[in-house]
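Numbering (this note's numbering), first residue to last: 40 to 120. For glycine and all other residues, C-beta sits at the position ideal for the given N, C-alpha and C. Worksheet for the structure shown next.
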């Protein structure tokens, strides 16, 4: 599934050295998800080859054939109960 990326997401991916393949991995097989609103979801995953804790991808839309719109990515993400 192909996802679209906002300009902000692309900028953050470059700054944080997160590849599109890593984003796809986080979205397709997350360790967990957090529903923030009706159309915004946070996907997070620990990637073994990275040393910066959890990677989080914030995306809007609904899971569909057209994919998600990624609006930002984060490193050192902490899940709070």
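- Task: Confirm, please, whether the CB-CB distance from residue 109 to residue 67 is below 8 angstroms.
- Result: no
- Query: Any chance the CB of residue 109 is under 7 angstroms from a heavy atom of the ligand FMN?
  - Reply: In terms of ligand content, the structure shown is empty, and the ligand FMN therefore cannot be addressed.
- Query: In this structure, what does DSSP give as the bridge partners for residue 41?
  - Reply: Paired residues: none, contrary to the question.
- Which of helix, strand or coil does DSSP assign to residue 115? strand
- Near residue 47, which residues of its chain fall below 8 angstroms by C-beta distance, leaving aside the five closest residues on each side in sequence? 110, 111
- Task: Per DSSP, which residues does residue 48 bridge with? Please list them.
- Result: Looking at the DSSP assignment, residue 48 forms no beta bridge with any residue, so it has no partner.
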